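These notes are about the structure you will find just below.
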Amino acid sequence: MKNFKNGFIKENPVFCLYLGMCSTLALSTNLNNALGMGLCVTIVLIFSNLIISLIRNITPDEIRIPVYIVVIATLVSVVELLVHAYIPALFDALGAFLSLIVVNCIILGRAEAFAKKNPPLASIIDGLGMGLGYTFAIVILSVIREFLSTAWVSFYNPFDMSQLIIRIGMPQLENYTISLFSSSVGAFLTFAVVAALFALINQKAKEGKK
Amino acid sequence: MKLLTLALSAVLINNIVLAKFLGVCPFLGVSKNTKSALGMGLAVVFVIFSSSMLTYALQYLVLIPLHIEYMQLISFILIIAAFVQFVEMFMKKKMPGLYKSLGVYLPLITTNCTVLYVAQENISKGYNFLETVVNSIATPLGFLLVIYLFSCIRERLDYAHTPKAFKGNPIGLVVAGLMALAFAGLVGIV
């Protein structure tokens, strides 16, 4: 349970450890992309942690990194083909970043730091926690950016992009939107402010313990 | 002329770090001083160029004739990882001087998403051989330019009074955001 909770605030892989930033910055333009990417990463992370933990006793130490990379690349190919077949809209939106999950440092990082020395069940839970921590981070960023750039936060049915599921916003702000936040500049600035907030929370928590 | 446009756009307008958000991890991680930033940038130029050539050959000489394009991801990442390992061993043996200055950054490059991205971009955009060469040199040059400029700013940043919560990476990201803004101003040239 402790492993699971760590992923959110104290050891959030994105805001505290600065891992997997590329996809977080690029795909946090709207809620749909963010949730889709978060889900893909979580699935890959759970299964890669499971498999690497299962083969941890038979993997020679010297070639462990190539072995991990093959495991991860296989899983990512599977996810990529599945998404392409069943959720084509998401496949188009994620673009190159879907296959770039292979080099997402969170996944290799957890394999190296956790799955290679822990039993399968604990590794699954760690993967789930870290994956949800990543999803949590990318969703926070996307909500802030989508709201500031359009005054709305909307979520569409991923299987049918014309079907709106939920839409919350402030129509009175529609004339005051900041389109800068949908571009790369806004991504860096939003990330900086949220990361600073996380650093502040963790500092306060540490001082509280003393 | 088309090649020049391609090169300019890869270096300045569609800059790999500031516009496409790739390679942000080494961008933040190895930019504490100008010397290491330059070393990392040069290592990236070398690795991206050579591994793009290898993966380009693999795609058109092996994967397509055998109709196993779905193995692209796995074979590319293996080629890149193996190539980086090989370069590291070769440099350690034959060029110890260069190894000392670049060697520490080499293992980090495998997980640098720019390498895999450029290899895949060359294929997915259907570039011919010449365009592939230009694209695989210009893109990492864009990385080199940005990481060097960023490290220069960062060295000054150490002496500035930043709020405690923003110390380190958050203020670095603010700087990166402002650099992205400056680079966005170059969109008009091509």
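Just so you know, the sequences run in chain order U and R. Just so we're on the same page, the working numbering is the position in the first sequence counted from 1, plus 268. Just so we're on the same page, the working numbering is the position in the second sequence counted from 1, plus 30. Even for Gly, the Cβ is constructed at its ideal location relative to N, Cα and C. Remember, predicted model here, so these are calculated numbers, not experimental data.
- R:I107 belongs to the set of residues whose beta carbon lies under 7 Å from a beta carbon in chain U.
- Listed in chain order, the non-local C-beta contacts of R:G202 below 7 Å within the same chain comprise L58 and R184, local neighbours out to five positions each way being set aside.
- The residue among R:S105, R:I43, R:N158 and R:L128 with its C-alpha nearest the C-alpha of R:S81 is R:S105.
- Segment contact: the stretch 374-387 of chain U against the stretch 405-414 of chain U, fewer than three CB-CB distances shorter than 8 Å; contact not assigned.
- The stretch 316-323 of chain U makes no contact with the stretch 424-441 of chain U: fewer than 3 CB pairs, one atom from each, lie closer than 8 Å.
- Cβ contact annotation for U:S447 (same chain, cutoff 7 Å, sequence separation greater than five): S417, in chain order.
- Nearest Cα to R:A195 within the set U:L343, U:A383, U:V461 and U:V282: U:V461.
- With respect to U:N301, U:A361 sits close: the two C-beta atoms are nearer than 7 Å.
- Under the Cβ criterion of 7 Å, U:F459 is counted among the residues facing chain R.
- Contact annotation: the stretch 348-365 of chain U does not touch the stretch 328-335 of chain U, with fewer than three C-beta pairs closer than 8 Å.
- Assignment of alpha helix (DSSP H) within the stretch 85-144 of chain R, counting only whole runs of 4 or more residues, yields 102-124, 126-132 and 136-140 in chain order.
- Counting only unbroken stretches of 4 or more residues, the alpha helix (DSSP H) elements lying wholly within the stretch 272-315 of chain U are 289-294, in sequence order.
- Excluding its 5 nearest sequence neighbours in each direction, R:Y129 has C-beta neighbours in its own chain below 6 Å: M121 and K122, listed in chain order.
- Of the residues assessed, R:M209 falls on the buried side of the cut-off, its CB having 16 or more other CB atoms within 10 angstroms.
- When Cβ pairs closer than 8 Å are counted between the two stretches, the stretch 437-446 of chain U is seen not to touch the stretch 341-349 of chain U, the count staying below three.
- A straight line joining the alpha-carbon of U:Y286 with that of R:T141 spans about 14 Å.
- One finds C55 and T141 in chain R with Cβ atoms closer than 7 Å to the Cβ of U:C373, taken in chain order.
- Beta bridge pairing from DSSP links U:I436 with U:V421.
- The DSSP-derived three-state label of R:Y189 is coil.
- Of the candidates R:G69, R:V164 and R:P200, R:P200 places its Cα closest to the Cα of U:T458.
- Under a criterion of Cβ atoms nearer than 7 Å, the residues of chain R adjacent to U:T342 are, in order, I104.
- The stretch 38-47 of chain R and the stretch 166-174 of chain R touch, with three or more beta-carbon pairs separated by less than 8 Å.
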